[in-house]
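Engineer: Residue numbering for the sequence shown follows numbering that gives the first Met the number 0, beginning at 0 and increasing consecutively. Yeah, the Cβ is synthetic: ideal placement off N, Cα and C, and Gly gets one too. Just so we're clear, the structure is a prediction, and the values are computed from it rather than from any experiment.
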Amino acid sequence: MSCIELPTFVDVADVSSVGGSLGFSAHGLTLGTGPPHLLVFPDVSKGTPLSSLATSRPEGHGPVPAYDWIANHANHRPTNEAIRDLGSGKAFSYADLDRRIDAMAAYMGSLGIGRGDRVAVLAHNGVEFFDVQFACGRLGAISVLLNWRLTVPELEYILNDSSPKLMVHDVEFAAAATELQGLCSIATLLEVEGGSADSAYEQVITSFDGQDGGRADLTHDDVVTIMYTSGTTGLPKGAMITHGMNFWNCVNLGIPGGITVDTVHLNVLPLFHTGGLNCYSNPVLHAGGTVVLLKGFDPGETLQVLGDPAQGITHFFAVPAPYQFMMQHPDFADTDLSRLGVAGVGGAPCALAIMENWTERGVSLTQGFGMTETSPACIFLDPGDALRKIGSTGKALMHTELRIVNDEGGDCGPDEIGELWVAGPNITPGYWNRPDATADAFEGRWLKTGDAARMDDEGFVYIVDRWKDMYISGGENVYPAEVENVLYQLSEVAEAAIIGIPDDRWGEVGLAVLALKPGESIERTIVQEHCASQLAKFKVPSDIAIVEALPRNATGKVLKRELRDQFVSADAPKVS
């Protein structure tokens with residue numbers, strides 16, 4: 000037998016569990032019964048391929064188990080801070096969080112909730128999201144995270160599709176929750192009131208404190224969450240998120256993002272969205288770090304927390320809009336951002352003006368790409384390449400494969416625009432109750448993202464735009480993000496979006512929908528002359544529309560479908 004000695008601070012029991020959770024094969028590996036801290040391997044004859052050992056499976060060896068991150072940290076580092084909830088003013092250690100999760104699991108069990116049952120959450124950011132998520136993870140139940148900005152009819156569709164037995168809701172959504180309970184036959188409602196000890200939710204946590212909710216025998220293939228897509232192109236679809244997807248996202252983000260036990264991440268995005276839950280909140284909890292929660296995004300409040308040495312924020316993630324709103328805030332120039340080591344941006348193409356403004360403040364925005372269906376990380380731009388490759392979302396993460404595919408289904412060459420396809424263990428198995436949508440989204444093992452992209456000769460990916468947002472003017476493809484980057488250079492412009500509108504001569508032409516800064520005005524000719532100085536003639540907007548603000552979803556993405564509905568309909572207002 001052959002032995003490898005490990006550093007003395009490594010616990011053998013930890014090594015065996017890490018081996019399974021990381022997904023590498025330790026088949027044929029046994030723990031030595033001799034001196035501590037030795038791993039004992041079977042002898043390998045000369046010429047035996049290592050791959051044959053790595054892929055061998057003992058008889059009956061099944062899928063990778065789903066490990067309990069919070070219980071592990073509660074055992075190893077119980078006093079470390081897990082959640083700092085600025086909304087309620089409370090902080091929770093890993094031991095605290097572990098007890099809350101057990102209490103919530105025991106409560107769910109008392110309601111008859113078990114494997115495969117759904118539990119909905121309609122709430123602002125708070126520790127309750129993590130209580131419910133990890134309690135479902137212990138029972139084998141499935142959390143359904145609801146967008147509180149949706150109307151009752153929109154939520155009715157989602158709840159009838161997912162059929163939860165329990166809905167946890169904020170007190171401010173009590174009327175909607177009661178109405179939805181009747182419309183959707185939800186057995187039980189549980190009300191949250193800002194962390195108040197008198198709330199029904201906290202009374203449940205207290206009543207079931209110390210009870211063991213049990214552990215289901217789960218694997219990486221089991222679904223733990225359903226996240227409904229934002230519906231920018233139609234009715235929302237419930238993307239199924241598995242334990243394995245969550246784990247591989249933690250690995251994919253944790254390595255390049257430098258996420259460790261010392262990470263302190265500020266989350267302002269809604270936790271019902273993959274950007275809030277999985278960039279970087281879940282990966283930070285997986286690593287044993289601290290997640291700091293704000294109830295929602297406010298540019299002034301966010302800047303105050305980022306600059307506060309007592310908070311010690313090291314990591315932050317947002318879609319482009321919050322970065323834009325913060326850089327336009329009067330406190331931006333004086334906020335101390337020196338402790339902020341990682342500032343991630345994704346979810347939509349980021350205008351160059353935004354990246355340049357933050358770079359001038361000493362913060363390089365690290366671009367990435369992902370979507371709900373990819374859990375979400377799949378592309379990441381290393382900070383060392385941020386300035387050299389401005390505009391790129393980076394390269395494929397370690398456990399993700401990419402293709403750029405043309406209309407014929409073949410691979411595109413360098414810098415040729417096609418549709419981005421992704422594959423890997425972080426990809427959804429499909430959509431809840433939607434085999435048709437699942438079939439449409441996949442080509443074999445490849446998920447078709449619907450994003451237009453190109454890859455340069457070094458392998459760096461550039462997201463050009465949403466495939467569906469592209470329009471064709473005079474036979475030429477126009478990608479709105481390129482034009483929007485130019486529009487953001489205008490000092491009068493606060494927000495900009497380009498949509499294609501019908502034109503008798505050219506088929507489609509561009510309409511620039513602009514929200515201006517307070518007190519500003521602008522003429523169409525100024526916009527066109529500015530664009531013409533940097534863009535081909537067919538890309539120059541034919542007209543402009545001035546609006547108070549662009550319609551956005553809960554995470555800040557511009558809803559171009561609403562703009563098209565507003566300006567392309569037969570009775571659309573004149574916009575010049």
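Which stretch, first to last residue, makes up the beta strand (DSSP E) that contains residue 472?
Structural biologist: 470–472
Engineer: Measure the alpha-carbon distance for residue 352 versus residue 331 and round it to whole angstroms.
Structural biologist: 15 Å
Engineer: Can you give the Cα-Cα distance for residue 283 and residue 378, rounded to whole angstroms?
Structural biologist: 18 Å
Engineer: What do you reckon, are the CB atoms on residue 451 and residue 494 nearer than 8 Å?
Structural biologist: no
Engineer: Which runs of the beta strand (DSSP E) spanning at least 3 residues fall entirely within the region 132–197, listed in chain order?
Structural biologist: 141–144, 165–169 and 187–191
Engineer: Counting C-beta neighbours from all protein chains within 10 Å, is the total for residue 195 16 or more, i.e. buried, or is it exposed?
Structural biologist: exposed
Engineer: Are residue 267 and residue 293 closer than 8 Å when you measure CB to CB?
Structural biologist: yes
Engineer: Going by DSSP, what residues sit across from residue 365 in a beta bridge?
Structural biologist: In the DSSP assignment, residue 365 is bridged to 343.
Engineer: For the alpha helix (DSSP H) containing residue 122, name the first residue and the last one.
Structural biologist: Element bounds for residue 122: n/a, residue is neither H nor E.
Engineer: By the three-class DSSP mapping on this structure, what secondary structure does residue 561 have?
Structural biologist: helix
Engineer: So the beta strand (DSSP E) residue 450 belongs to, where does it begin and stop?
Structural biologist: 445–454
Engineer: Would you call the region 431–440 and the region 248–266 in contact, with 3 or more CB pairs under 8 Å?
Structural biologist: no
Engineer: Does the region 114–121 come into contact with the region 161–170, if we say contact requires no fewer than three beta-carbon pairs (one atom in each stretch) closer than 8 Å?
Structural biologist: yes
Engineer: Taking the C-alpha atoms as reference points, what is the distance between residue 555 and residue 335?
Structural biologist: 25 Å
Engineer: With a CB to CB cut of under 8 Å and the five nearest residues on each side skipped, what residues in its chain are close to residue 415?
Structural biologist: 403, 405 and 453
Engineer: Please work out which residues of its chain come closer than 7 Å, Cβ to Cβ, to residue 173, disregarding the five sequence neighbours upstream and downstream, and give them in chain order.
Structural biologist: For residue 173, where only same-chain residues beyond five positions count, the Cβ hits under 7 Å are 190.
Engineer: Name the DSSP bridge partner or partners of residue 281?
Structural biologist: According to DSSP, residue 281 bridges with nothing at all.
Engineer: From which residue to which residue does the alpha helix (DSSP H) around residue 633 run?
Structural biologist: With the chain covering 0 to 575 only, the question about residue 633 has no answer from this structure.
Engineer: For residue 552, does the three-state DSSP call read helix, strand or coil?
Structural biologist: Residue 552 falls in the coil class under three-state DSSP.
Engineer: Would you mind giving the Cβ-Cβ distance between residue 527 and residue 517, rounded to the nearest angstrom? I have them listed as a contact below 8 Å.
Structural biologist: Rounded, the Cβ-Cβ distance is 24 Å, inconsistent with contact.
Engineer: Just how far apart, CA to CA, sit residue 226 and residue 285?
Structural biologist: One C-alpha to the other measures close to 20 Å.
Engineer: Any idea which residues DSSP pairs residue 265 with across the strands?
Structural biologist: 291 and 315
Engineer: Just mark residue 239 as buried or exposed, buried being the case when its beta carbon has 16 or more other beta carbons within 10 Å.
Structural biologist: buried
Engineer: Exposed or buried, what is residue 339 when buried is set at 16 or more other beta-carbons lying within 10 Å of its beta-carbon?
Structural biologist: Residue 339 should be labelled buried.
Engineer: Less than 6 Å between C-beta atoms, sequence neighbours within five positions excluded: which residues of the same chain meet that for residue 148?
Structural biologist: 553
Engineer: Output the residue ranges of the alpha helix (DSSP H) runs that lie fully inside the region 349–432 and measure 4 residues or longer, sorted by chain position.
Structural biologist: Within the region 349–432, complete alpha helix (DSSP H) segments of at least 4 residues are found at 351–359, given in chain order.
Engineer: Quick check on the DSSP output: the beta strand (DSSP E) that includes residue 510 runs from which residue to which?
Structural biologist: 506–515
Engineer: Taking just the CA atoms, how far does residue 297 sit from residue 483?
Structural biologist: 24 Å
Engineer: Output yes or no for whether 8 Å exceeds the beta carbon distance between residue 312 and residue 276.
Structural biologist: no
Engineer: My guess is that residue 204 and residue 102 are in contact by the Cβ rule of under 8 Å, so how many angstroms apart are they, rounded?
Structural biologist: Between residue 204 and residue 102 a beta carbon distance of about 5 Å is seen, short of the 8 Å cut, so the two are scored as contacting.
Engineer: Kindly indicate which three-state DSSP category residue 463 falls into: helix, strand or coil?
Structural biologist: Residue 463 falls in the strand class under three-state DSSP.
Engineer: Per DSSP, what kind of secondary structure is residue 476 in: helix, strand or coil?
Structural biologist: Here residue 476 sits in strand by DSSP.
Engineer: Whole angstroms are fine: how far does the CA of residue 441 sit from the CA of residue 447?
Structural biologist: 6 Å
Engineer: Within 10 angstroms of the Cβ of residue 134, are there 16 or more other Cβ atoms? Answer buried if so, exposed if not.
Structural biologist: buried
Engineer: Let me check you understand the geometry: is the CB of residue 85 closer than 7 Å to at least one non-hydrogen atom of the ligand ADP?
Structural biologist: What this structure holds is no ligand at all, so the ligand ADP is not there to describe.
Engineer: So, for residue 20: in the same chain, excluding its five sequence neighbours on each side, which residues have a beta-carbon less than 6 Å away from its beta-carbon?
Structural biologist: The pLDDT assigned to residue 20 is 32, lower than 50, so where the model puts this residue is not dependable; a value taken from the coordinates is nonetheless given after this. So the list reads 66, once near-sequence residues are dropped.
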